[in-house]
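Student: Offset between the sequence shown (1-based) and this note's numbering: plus 961. Note that the Cβ used here is the ideal one computed from N, Cα and C, for glycine as well. Below you'll find the structure I mean.
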Amino acid sequence: MPLKAPKTSSSRQMPEEKVHTALITSVVDIGSHYDDNYEKFKREIVVSLEFPNFIIKINNEDGTESEFTYVKSRMYTLSMHKKSNLRALVQQIIGKELSDDEAYEYDIFKIVGKPCMASVVHKQVGDKTYANISTVMPLPDGFPPPKPVREQFTYSIDESPKSVPEEVPEWMKELIVSSNEWEDADDLPL
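Printed below as a string of structure tokens:
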């Protein structure tokens, strides 16, 4: 008699495909990592959007239920070149085209707390479905901004090369600890 693995079903909760109100909840500098495609190191950040109106319910081991707001994070190369994805994101959020001088002088941490509209699309990969953000844009005039639920924060590895705030999710901490900047820092370890 053959043994066959059952198909797994995705019980992941995700926002439906439409435009949602959101806000930038964090910008985390994860340092430099080697990119095999380009055969060089590149500096990266993670930008996270909170969807305060979309609540995820988690069943805890003790039988209780916890609720969290949905957060979607994406990595960007730390570049404000005119063709960079990060520059496009910043311009979409602030609703303004930046000149090269403005772009290179722009403090990326300033987008934290900014409300926006985020268009969510679903992408099927194998038997899993992922919610991706296709576009962000500023809120229309007169539209009430969403109220943040999660704590907003920023982190720069240059300012604290061996000290990561506890708000930073574990998966981001692992990336930070594996960066060149972490390995090269003279400070004491975590």
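Among 1041, 1134, 990, 1143, whose alpha-carbon lies nearest the alpha-carbon of residue 1066?
Tutor: One-based indexing of the sequence shown puts residue 1066 at position 105. It is 1041.
Student: To which residues of the same chain is residue 1080 closer than 6 Å at the C-beta, ignoring the five residues directly before and after it?
Tutor: Along the sequence shown, one-based indexing puts residue 1080 at 119. Counting only Cβ-Cβ distances below 6 Å, and skipping sequence neighbours, we find 980, 1095, 1096.
Student: Express the C-alpha separation of residue 1145 and residue 1043 in angstroms, rounding to a whole number.
Tutor: As a position in the sequence shown, residue 1043 is number 82, starting the count at 1. As a position in the sequence shown, residue 1145 is number 184, starting the count at 1. Going by the C-alpha atoms only, they are around 30 Å apart.
Student: Checking the sheet assignment: what are the DSSP bridge partners for residue 1016?
Tutor: Numbered from its first residue, the sequence shown carries residue 1016 at position 55. 1030.
Student: Per the DSSP calculation, residue 985 is bridged to which residue(s)?
Tutor: Here residue 985 refers to the residue found at position 24 when the sequence shown is read from its first residue. DSSP, once it has assigned bridges, lists 1010 as partnering residue 985.
Student: Would you mind giving the Cβ-Cβ distance between residue 1030 and residue 1019, rounded to the nearest angstrom? I have them listed as a contact below 8 Å.
Tutor: The residue given as residue 1030 occupies position 69 in the sequence shown. The residue given as residue 1019 occupies position 58 in the sequence shown. Actually they do not touch by this definition, with Cβ atoms about 12 Å apart.
Student: For the alpha helix (DSSP H) that residue 1137 lies in, which residues bound it at each end?
Tutor: Here the question's residue 1137 lines up with position 176 in the sequence shown. Where residue 1137 is concerned, the enclosing alpha helix (DSSP H) stretches over 1131-1138.
Student: With three or more C-beta pairs closer than 8 Å as the rule, is the segment 990-1003 touching the segment 1102-1121?
Tutor: In short, these stretches touch, since the Cβ pair count reaches three.
Student: To the nearest angstrom, how far is it from the Cα of residue 1133 to the Cα of residue 995?
Tutor: The residue labelled residue 1133 in the question sits at position 172 within the sequence shown. The residue labelled residue 995 in the question sits at position 34 within the sequence shown. Going from the Cα of residue 1133 to the Cα of residue 995 covers about 16 Å.
Student: If we count Cβ pairs, one from each stretch, closer than 8 Å, do we get three or more for the segment 1120-1129 versus the segment 1069-1086?
Tutor: Cβ pair count under 8 Å is below three, so no.
Student: Which value, in whole angstroms, describes the spacing of the CA atoms of residue 978 and residue 1049?
Tutor: Translated into the one-based positions of the sequence shown, residue 978 becomes position 17. Translated into the one-based positions of the sequence shown, residue 1049 becomes position 88. Going by the C-alpha atoms only, they are around 22 Å apart.
Student: What does residue 1094 pair with, by DSSP beta-bridge criteria?
Tutor: Here residue 1094 refers to the residue found at position 133 when the sequence shown is read from its first residue. Note: residue 1094 sits in a beta bridge opposite 1081.
Student: Rank 1013, 1036, 974 by C-alpha distance to the C-alpha of residue 1137 and give the top, closest one.
Tutor: As a first step, residue 1137 is located in the sequence shown; it is residue number 176 there, counting from the start. Residue 1036 is the option with its Cα nearest to residue 1137.
Student: Looking only at its own chain, which residues have a Cβ that is under 7 Å from the Cβ of residue 1046, when we skip the five neighbours before and after it?
Tutor: Reading the sequence shown from its first residue, position 85 is the one you call residue 1046. The residues are 1037.
Student: Quick one, which of 1088, 1090, 1099 has its alpha-carbon nearest residue 1072's?
Tutor: To locate residue 1072, count along the sequence shown from 1; it is residue 111. The shortest C-alpha separation from residue 1072 is found at 1099.
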